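Chains as they are written, first to last, in my numbering: chain A, 15 to 654; chain B, 983 to 1859. Every residue gets a Cβ at the ideal spot worked out from N, C-alpha and C, and that includes glycine. Computed from a predicted structure; not experimentally measured.
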Amino acid sequence: MSDKKENPGQDSVNVSRRHFIGTTAVAGLAVGVAACNDKSAAPAASAGSSAHAGADVGKYEVAPGQLDEYYSFSSGGHSGEMRIYGLPSGRLFKRIPVFNMDCLVGWGITNESKKIIGTKADGSLKYHTGDTHHVHPSYKDGTYDGRYIFVNDKIHGRLARIRMDTMETDKITELPLVQGFHGVFPDKRDPVDQAINYTTRVFCGAEFSIPLDNNGKNMNDTKDYRSIFSCVDAETMAVRWQVLIDGNCDLVATSYDGKLACTNQYNTENGAHYEDMMTVEQDACLFFNVARIEEAVKAGKFKTYGGSKVPVVDGTKASNADPKTALTCYVPIPKNPHGVNASPDGKYYACSGKLSPTASLIEHALVLKWFDGELKNPRDAVVAEPEIGLGPLHTGFDGRGNAYTTLFLDSQIVKWNVEAAIKSYKGDKSAKPVVDRIDVQYQPGHGFTSMGETKDADGKYFLSDNKFSKDRFLPVGPLHPETAQLIDISGDKMKLVADHAVYSEPHDSIIIPRSLVRTRQVYDINDFPNAVKDAKDCRVERKGKKVTVYLTSQAPTFGLREWTVKRGDEVTIILTNLDKVEDLTHGFAIPKYDIQFIVNPQETKSVTFIADKPGVYWCYCTNFCHALHLEMRSRMLVEA
Amino acid sequence: MPSSIRCVLSTLWATIVFTLASAASPIYAAGSGTYEAELPPQLATTPDMCSLLPCAEVFPGAGHFSQRKGQPPYVEAYDNDTPQKKLLGYVMLSTDITDTPAYSGKPVVTLIGMDTRGRFTGLKVLKHSEPILLLGIPESALINFNKQYVGKSVTDTIEVGPSRPDENVVGVDAISGATVTVISQNQVITTSGAAVARQTGIIAPTVREPARFAVAGKTYDWSQLVGMGAVQRLIVKPEQVGLPHSSEPFIELWFGDLNQPDVGRSLLGVNGFETLRSRLKEGENAIFVIKTAGVESFKGSGFVRGGIFDRVQVKQGADSFTFRDLDSYNLYGLEAAGAPRYMESAIFVIRSKAFSAAYPWRFAFLGNRVDEATGHRSFAVFESKYWLPASMLEGGRPKVDEPDAPWVRVWKSQALKIVLFSLLLVAVAVVYAFRERLTRMATHKNKWPVNIFKYSFWGISIGLVGFGLMAQPSITQVLTWFHSLLFQWTWSLFLSDPFVFLFWIFIIVTTFLFGRGLFCGWMCPFGSLSEAIYKVARMVGLKRFQTALPQKWHDRLKWLKYIIFFGLLTVSMFSMGLAEKLAEVEPFKTTFLVGISNRAWPYGLFVAFLLGLSIFIERPFCKYLCPLGASLAIPSTFRWYGLKRKQDCNACHACAVGCGAQAIDEDGRIDHRECLHCLDCMILYSDTGGCPPLARERKRREKDGLEMTPIGDNGYFIPLYPATVADQIMPKAVKGPDPRMPTDQTLPAHKHDVGFVEWVLLELRDHLWPWSKDGWRSQRPLQIAGISLALAVTIAWLMTAMGSLSSGAIIGWWFGWSVYEVLIRLSGRRYVKDGPWWRDHYRVAGVMDMLSYVAFKNLLIGAALFLVLKALGLFIP
């Protein structure tokens, strides 16, 4: 490794890595090799421990009584959840169940959560799995407004919304016609109405192409497989419209002026096998003209497919040849790009090559120019394409004109200067885009800067979510944690300041200063129409075989000491936590009935089940609440 | 004793006490005396207060009491304990709410009942430390005083004194002689009632005009914020909560306003400030608190369970605001440059409309003070003031009418009397200052030029000052002064009785100027009464029964009063209460404050005996018993201006024979500690008909037909040239001692012809260094003992300074040292100054002179040392 540091340009291509990405990649990589050789003057990755904070590490510790400076909201990958960490400490504060079941809070157990997740006709959950990748909060005036966070489910093609005042999932929408919903990004303002300077739409990119009528017919006509780009209403969470495109979608970005949304495309070939997906030299970054699409929808220029009522407009190349009326613009980008990110100044999009060692910089104004018919070739919107290293994926910005791109293959973060890259692209040989490099351990996937996706990028931290941790932590069996490495980017040199172990598998996070988050301390009891507002109202009501138990919890008692139902009854328990003390959460578990959930202060939840097992069942408080917590129980008596 | 054993013993003791206490429930036994009554140790903390206290006694008709609630705490009184129970009112413990001290410096612990309309239903004193109520005034007086409140409403302005309907003031009658106690009690009752009434909505909360901020758009760093008072500090030292002294504070907090945009943005940053504002509703205010040092937490953990922050409060005027968890946000960080690192932080939100950021407020840290000796925990509140700078408020700071302190109200309400009384005291001093004009006008046959004034002042002091204003000074005040000087000086305590306060200023000033005789002989109500009786008796023909003790016996018995004084002083060091009881040797309380008819017969008999004796002996009490006189006599040794004497006095006993105070000795010297300034001798001094030496000279001149020149300052005729004054002195007097000074004049050799700086240094050495070469030669063992004692005292002082010795111990050491110092000085430096201290009029010291000197000097040094220690924060009594 150390020899590589001497000159990353010369032997950065290493045989084993080539093997890893397969022989077909060699052609593409050859471009990189040549380019790398050119930039021999580029700074070497900071050598050894000098890249680490060393004795300075204490500066990034959060002493008892102190609070973290930042929140980090992170996806949980195929755990189906979302997580909240503190930075710089890396402490895990909360795991928010979204698409998964969570028996701690009762997500997927309570009636309320089931309704949000989605149920079959019999009331059971439609899905138990999910795969969250990208988390993005709602915007106002170009920065986070603390209302919502949107997160995708790649497995089942669902979009979930988390309200940031309670940090709980409040809506989940299933997108029609898509599989492999990967990239998600809220818009930052309305393209037309300037008064709407906040998020009203959420854009979703589908990665996997499928037949439009995915009904088991024509399954082998892979040429007819389609990917769909979707727009969801941020408030109602209804799908507003969809766009039929050529190629696939991957990650999504939106412009600061609200006019464009875009997605990088790594499979413009529409290949069904991975080698098929790497055949062309250039894939694309696909831009959507939001205003024009919505006009088209309004004008009825759409179709519907596969039983979905959502209007689908035609965004294919063929149908959008005239830029002046085009809904979409395909900007060619080298080789299977992954990751597209808008710069905080709103001027550029960085779209990384993945299989090309380059990052392409697309100028927002030029794309608009193309839509106006004033730019001949979409490729002319690319204003820089610096060579930065092998396997570039995601790019973050520091607000000071620098971009930070994760290099999956090089296991590095590369810092490059946007203006220098543009100059270099224009032919200025003296311009050196790459400013600094730092090794990370190992194989970074997503990387992001503090507030880097807002106009308030503060250039303090970069977090590298590495896909492999290998030897970085105490071994815990074959499944390793991932490494989230914190890098201080406030100086000229990047400094690695912390290794945080994270459970698999975060794909994306955002770093928000603590002051932008305004959570509730307790719930408002009036938010729950079924709340049992007084312990005196505790009772059992029977309508035929349907029995409703109205319960309250107030440390250290439940509102009823015991209640009786009959075997075969459909029992609904409604539990309101009357305690108003912050953090005084109660739990409620029924043995043998597979019931467990919690009620936070002033919160109401309910569960419904069939009392099919006669006997005495001690319902007890599971969430430690009081000195008499263990005594906080109630008996459910099921008569035979 | 090893600490482990001590610990075991104290645990055992606590167990015994607790067992005994638990055996009798309710623990508080009604009806017993409440002086220094033992209160249940868990009283301050137990939620079920009424299980320990007779709550029903102050709330007749109540059958059930809730647990303590609210802040400050109270309990709810219900008719019964059924679910349909009806709220009747509230019961509160005064010390839960206010620690207003009474005369003793300790609070009168009072249980107070109040109905839902704010009318007091009953009051019960649980414990008091008021010595005046021990013997002087029956405790029933306080009970009767409290009874006056029953039925009166907390919504009224209740004051001690007459009702003033036009000013909406409801009066309650004071207890004669215990004004300070009842003023304090009134304060306690009204404050407690109002505090609970505010919480329960009986008194509408004050609504203060919300602040309008003047926003300059500036950003301040931490030191600027501190400099302009926008951030304040509250520091509590371990000593203040009964822990051993330490350089580390118990807790150090910084706090400040977060509502003024410039301050808020400087502290929280623009984002943080906006976030905070977005969480606050109209009219809500926020403050921040950080802890920068100390072992204590300002949050504690109470808020985790109950949601209430029980260690911090914000107070504004009479309102206090407490916080629950939902009123608290995380303080993420302080953006102001230079802000200190902190271990604990919070933002608290004051939601009440009663609070306004424009008005001054106090941040209070509530702690427990643990008494080192007893382990008793008592509630302690530490406050720090806050008021946004005027420049940050639109229109500057609003005008705030703070209610006058109780003593100010007293001074205001008694203003006229106070002015008249002051004029009287000034008049006495002025008349006395011009005494020589009067004495020269008077002769031994006609003393009216002097007596007209003296008798008038007697009349005024007996009638108006004694019986009227009840401003008879007492030895108890001296003891209180003494303790205050050493421990804690509370101006408001002394100021709450304006007449006694002014009287004491007069006494102190005149004692230093002239000696105690002016007060004792001219202004003391009891002394005046005593001598007036003697004079009247003589006038009405009882002169033949009147007598004086033989001088020999007088000179023995006069020490009795000093013994009484020192005895009382010593006892007071151990028990102020006992000392106050013993101070009943003074008949003042019975005579003036309470009245003979109001007291048990032995007291009346004592007064009758003393006053009856006054018919036959002049001022028997003053001469032999009065500890107050003794206490004043000690500094009188060093009065600046004494009465005059001439050389002839050593041979002529004319004055001595006529001296009612028997203060003139064989050598014609006046004992200024005993002299009561009747001025008879001063009349003779210039009386050419009464003074034998003058009469002789007068007769000689008459015979020789010489000019009759005026009497000079020296008490002789101005000599006619070529004769000299010496010629007027009788031969037998020439060789005798000089009676002009109480003892023979001397001048320490080292004080001859020295420069100013050296003089000051020598002066200091004289006062601080009792040893001398002469003493060393003659009294070596004593000197050695003295040096070792001095060493011990120094160590004791150091230990006190380090916080490892109680102030009581240091006083003991100091006392012992003083005794030795007297002995050492008598053996080597047997001289004291006479007259003004800045002169070098030295004279040979008698034993009493030296005692007076050392006692007085060491009292001042001790007080100064205590003050220095306190100022340095090294010593908390």
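Taking just the CA atoms, how far does residue j sit from residue i?
| i | j | result |
| --- | --- | --- |
| residue 1003(B) | residue 1184(B) | With a pLDDT of only 38 at residue 1003(B), under 50, the local geometry of the prediction cannot be trusted, and the value read off the model is given with reservation. Distance between the alpha carbons of residue 1003(B) and residue 1184(B): 36 Å. |
| residue 279(A) | residue 428(A) | 23 Å |
| residue 625(A) | residue 124(A) | 16 Å |
| residue 301(A) | residue 276(A) | 4 Å |
| residue 1810(B) | residue 1649(B) | 25 Å |
| residue 1092(B) | residue 1075(B) | 6 Å |
| residue 490(A) | residue 454(A) | 21 Å |
| residue 30(A) | residue 296(A) | In this prediction, residue 30(A) scores a pLDDT of 43, lower than 50, which makes its location untrustworthy; the coordinate-derived value is nonetheless stated afterwards. Cα to Cα, residue 30(A) sits roughly 25 Å from residue 296(A). |
| residue 653(A) | residue 94(A) | 39 Å |
| residue 1095(B) | residue 1024(B) | 21 Å |
| residue 1602(B) | residue 1592(B) | 7 Å |
| residue 238(A) | residue 225(A) | 6 Å |
| residue 1562(B) | residue 1343(B) | 40 Å |
| residue 1236(B) | residue 1848(B) | 29 Å |
| residue 547(A) | residue 603(A) | 21 Å |
Could you tell me which residues DSSP pairs with residue i in its beta bridges?
| i | result |
| --- | --- |
| residue 1046(B) | 1060(B) |
| residue 515(A) | 497(A) |
| residue 427(A) | 420(A), 452(A) |
| residue 1310(B) | 1330(B) |
Using 8 Å as the threshold, is the C-beta distance between residue i and residue j below it?
| i | j | result |
| --- | --- | --- |
| residue 1540(B) | residue 1606(B) | yes |
| residue 1337(B) | residue 1216(B) | no |
| residue 1869(B) | residue 1164(B) | Chain B is shown only over 983 to 1859; residue 1869(B) falls outside these bounds and no answer can be derived. |
| residue 1700(B) | residue 1670(B) | no |
| residue 1269(B) | residue 1327(B) | no |
| residue 3(A) | residue 480(A) | Chain A is shown from 15 up to 654; residue 3(A) falls before or after that span and cannot be answered. |
| residue 246(A) | residue 216(A) | yes |
| residue 1830(B) | residue 1804(B) | no |
| residue 92(A) | residue 519(A) | yes |
| residue 85(A) | residue 475(A) | no |
| residue 132(A) | residue 186(A) | yes |
| residue 1136(B) | residue 1186(B) | no |
| residue 559(A) | residue 584(A) | yes |
| residue 536(A) | residue 614(A) | yes |
Go ahead and label residue i buried or exposed: buried means 16 or more other beta carbons lie within 10 angstroms of its beta carbon, across all protein chains shown.
| i | result |
| --- | --- |
| residue 110(A) | buried |
| residue 1780(B) | exposed |
| residue 1128(B) | buried |
| residue 551(A) | exposed |
| residue 1628(B) | buried |
| residue 40(A) | Unreliable positioning characterises residue 40(A) in this predicted model, as indicated by a pLDDT of 40, which lies under 50. The coordinate reading is nonetheless provided below. Exposed. |
Looking at C-alpha atoms only, which residue of the options is the closest neighbour of residue i?
| i | options | result |
| --- | --- | --- |
| residue 1212(B) | 1321(B), 1313(B), 1300(B) | 1321(B) |
| residue 1015(B) | 1029(B), 1071(B), 1115(B) | 1115(B) |
| residue 1205(B) | 1283(B), 1444(B), 1318(B) | 1318(B) |
| residue 1349(B) | 1848(B), 1239(B), 1220(B) | 1220(B) |
| residue 289(A) | 620(A), 349(A), 572(A), 653(A) | 349(A) |
| residue 1588(B) | 1601(B), 1566(B), 1576(B) | 1566(B) |
| residue 201(A) | 596(A), 548(A), 269(A) | 269(A) |
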